[in-house]
Amino acid sequence: MAENDLTTQLLPSNNSERVAEVIVDIESNGQYREEENEERGRRRRRRRERETTTIEDENPFDFLQAKHFTVPSPTPLNPFRNQTPNIEGFYEWLKIIICIPIALCRLVVFGLSLALGYIVTKFALYGWKDKQSPMPRWRCRVLWLTRMCTRCILFSFGYHWIRRKGRPVKRETAPIVVSNHVSYIDPIFFFYELFPTIVASESHDSIPFVGTIIRAMQVIYVNRFSPSSRKDAVSEIKRKASCDRFPRLLLFPEGTTTNGRVLISFQLGAFIPGYPIQPVVVRYPHIHFDQSWGDISLAKLMFRMFTQFHNYMEVEYLPVVYPLESKKETAVEFAGRTSYALACALNVVQTSHSYGDLMLLTKAAEFEQENPSSYMVEMAKVESLLNISSLEAVEFLDIFLSMNPDSRGYVRIHNFLGFLRLPRCPLTEKIFKFIDLEKSGSITFRQFLFGSALIMKQPLFWPACELAFTECDVRGSGYILKQQLCNYIRPAMSQMRDEEVRIVVFECIHIIKPAKKPNLFVSQPKPKY
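Each residue of the sequence shown is one higher than the one before, counting from 147 in the working numbering.
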């Protein structure tokens, strides 16, 4: 036998005598476990996705051919926010205390100027019957006294001098003037400067003193919520712009006042006639007091103006914007070029906000919401996308606020279903998740508005309602009783009590009512409970 030494193999070298070797790699075994765990986690996620897909991705309104929707991201800008709504700082309080005696004198000048202007205007309008024709020249000369009174009113508000840049062109060159709208001071200045014909809301006619004075400007009244009134106003603008015997026309195409830091969407009334337009920029430079008439009361704004040493105002007349003759230009394109010229001169951005957003802001403030500006949706964009009016949007907001949103403006599913008197079941969860785009268990007003309007504006929505109504109206009488409707929908809500079903019927009628479809009626008999 060979001697064993350090060079002798411990195992025989013959292959037939070799035993199987097992190699254990600790690091590879750990990596295998990690890969196995990852694969197991992926399988669990896929299984969970398959389970939730049937609930979350299923469209409860697929029978209406309504697809899943997206909501544009909100803009952080608030065009109606006054930067100095409250009196803050030692300097402001000291200035107000010092200016109180001056404010009293200014108030007297304001009252005397307004009274004198009112009397002169009443005299100039006395006996004038033909309001469709241009005002006679002698009456216009009398109104020069009223124009001087308006300059005294501007002086009483602290506008001792007003800086002007550029000049207004002749009426023959541009019969229409458009301007951004920041304060109630704007029309007072233009009355003194240009004595134009203005387009104003019908509600202004009932304002004491003011209504009489704007009638002297041969005002064109318009109801912004009436399509026929807007159409008549456009025809009147075209008629007066085409006649040199009428004064030039002044329009504020934004339709409401802003803070001057953005330019909101333009109404098209000034641009449909297709006449050359001179844009005018109005600025109110300030350090301590923002003079814009945004989310601040008129009384507070006037008081702050009376208690300033001097208020600054700048007016810049821009070059005339002509309609393009080389190609057929729409009113939207003409308005876009004009708004771009104003935005460049102001060095501000343009947004899709409109007067409808101010209505939403006011409604949210009435309900004492913590952040009312979060309920603005840029109504000009919403109107073009969803084809809904500002009044309809306000009605949707009224419903949303009744669902008790939290301080962030979110409504959770239990509040959503509680307001509608619906039980929590797979169907109602699908409806809520259809609106809950972020799948967070809560919805915003923007999501509620877009989702609700998308459904109600579907072409098949009202035919489906009419079909359901016809199926319920077995007698063919053209109406159904509320109790009959309860009986028809009770099988779909077997978990609810009779009282709860009646409440659901009432809420459904209340929600669909704003659409004002004339051929759907639900007759309610005398209550038995």
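Heads up, the beta-carbon is just placed ideally off N, CA and C, and yes, glycines get one too.
(request) Starting from the C-beta of residue 366, find all residues in its chain whose C-beta is less than 6 Å away, skip the five residues before and the five after it, and write them out in chain order. (result) Taking the first residue of the sequence shown as 1, we reach residue 366 at position 220. Only 345, 379, 382 meet the Cβ criterion.
(message) Please classify residue 246 as buried or exposed, where buried requires at least 16 other C-beta atoms within 10 Å of its C-beta.
(response) Taking the first residue of the sequence shown as 1, we reach residue 246 at position 100. Exposed.
(message) When you compare the stretch 461 to 472 with the stretch 495 to 511, are there three or more beta-carbon pairs, one atom per stretch, that lie closer than 8 Å?
(response) no
(message) In the DSSP output, what is residue 367 paired with across the bridge?
(response) Within the sequence shown, residue 367 is the residue found at index 221, counting from 1. In DSSP, residue 367 forms a bridge with 346.
(request) Whole angstroms is fine: what's the gap from residue 584's alpha carbon to residue 535's? (result) Position 438 of the sequence shown, counting from 1, holds the residue named residue 584. Position 389 of the sequence shown, counting from 1, holds the residue named residue 535. So the two alpha carbons sit approximately 26 Å from each other.
(message) Judging by CA-CA distance, which residue of 576, 239, 325 is the nearest neighbour of residue 455?
(response) As a working note, residue 455 is residue 309 in the sequence shown. When only C-alpha atoms are compared, the closest one is 239.
(message) Between the alpha carbons of residue 598 and residue 482, how many angstroms are there, rounded?
(response) Against the sequence shown, residue 598 aligns to sequence position 452. Against the sequence shown, residue 482 aligns to sequence position 336. So the two alpha carbons sit approximately 30 Å from each other.
(request) Evaluate contact between the stretch 252 to 259 and the stretch 286 to 302, counting only Cβ atoms and requiring at least three cross-stretch pairs below 8 Å. (result) yes
(request) Could you name the residues of the same chain whose beta carbon sits closer than 7 Å to that of residue 410, not counting the 5 residues immediately before and after it, in chain order? (result) The sequence position of residue 410 within the sequence shown is 264, counting from 1. Result list for residue 410: 225, 400, 404, 497, 499, 500, in chain order.
(message) Given a cut-off of 8 Å on the beta-carbon distance, is the pair residue 387 and residue 430 in contact?
(response) Here the question's residue 387 lines up with position 241 in the sequence shown. Here the question's residue 430 lines up with position 284 in the sequence shown. Result no, Cβ atoms of residue 387 and residue 430 do not sit closer than 8 Å.
(message) Short of 6 Å in beta carbon distance, which residues of its chain neighbour residue 440, apart from the five on each side in sequence? Order them along the chain.
(response) Here residue 440 refers to the residue found at position 294 when the sequence shown is read from its first residue. Excluding positions up to five away in sequence, the list reads 226, 227, 228, 405.
(message) Once DSSP output is grouped into helix, strand and coil, what is the label at residue 470?
(response) In the sequence shown, residue 470 corresponds to position 324, counting from 1. Three-state result, residue 470: coil.
(message) By the DSSP assignment, the beta strand (DSSP E) with residue 424 in it spans what residues?
(response) To locate residue 424, count along the sequence shown from 1; it is residue 278. Where residue 424 is concerned, the enclosing beta strand (DSSP E) stretches over 423 to 429.
(message) If you measure between the beta carbons of residue 327 and residue 398, is that distance less than 8 Å?
(response) Here residue 327 corresponds to residue number 181 of the sequence shown, with the count starting at 1. Here residue 398 corresponds to residue number 252 of the sequence shown, with the count starting at 1. Cβ atoms of residue 327 and residue 398: closer than 8 Å.
(message) Measuring straight from C-alpha to C-alpha, what distance separates residue 590 and residue 207?
(response) Position 444 of the sequence shown, counted from the start, is the residue given in the question as residue 590. Position 61 of the sequence shown, counted from the start, is the residue given in the question as residue 207. Distance between the alpha carbons of residue 590 and residue 207: 20 Å.
(message) Taking the alpha carbon of residue 267 as the reference point, which residue from 502, 563, 285, 251 has its own alpha carbon closest?
(response) Position 121 of the sequence shown, counted from the first residue, corresponds to residue 267. Measuring from the Cα of residue 267, the nearest candidate turns out to be 285.
(message) Would residue 516 and residue 553 qualify as a contact pair, given that the criterion is a beta-carbon distance under 8 Å?
(response) Taking the sequence shown and counting its residues from 1, one reaches residue 516 at position 370. Taking the sequence shown and counting its residues from 1, one reaches residue 553 at position 407. The answer is yes: Cβ separation under 8 Å.
(request) For residue 408, name the three-state secondary structure that DSSP assigns. (result) Taking the sequence shown and counting its residues from 1, the one referred to as residue 408 is at position 262. Residue 408: strand per DSSP, three-state reduction.
(request) Using three-state DSSP, classify residue 238 as helix, strand or coil. (result) If you number the sequence shown from 1, residue 238 lands on position 92. DSSP places residue 238 in helix when its eight states are reduced to three.
(message) Buried or exposed for residue 339, going by 16 or more other Cβ atoms inside 10 Å?
(response) Against the sequence shown, residue 339 aligns to sequence position 193. Residue 339 comes out buried.
(request) Can you have a look at residue 582 and say buried or exposed, based on whether 16 or more other CB atoms are within 10 angstroms of its CB? (result) Counting from one through the sequence shown, the residue named residue 582 turns up at place 436. Buried, because 16 or more other Cβ atoms sit within 10 Å of the Cβ of residue 582.
(message) Measuring CB atoms only, is the stretch 352 to 371 touching the stretch 267 to 282, in the sense that at least three cross pairs come out at less than 8 Å?
(response) yes
(request) Return the CA-CA distance between residue 452 and residue 231, expressed in angstroms with no decimal places. (result) Looking up residue 452 in the sequence shown gives position 306. Looking up residue 231 in the sequence shown gives position 85. Cα to Cα, residue 452 sits roughly 15 Å from residue 231.
(request) In angstroms with no decimal places, state the Cα-to-Cα distance between residue 557 and residue 537. (result) Counted from its first residue, the sequence shown places residue 557 at position 411. Counted from its first residue, the sequence shown places residue 537 at position 391. Taking the straight line from one Cα to the other gives about 22 Å.
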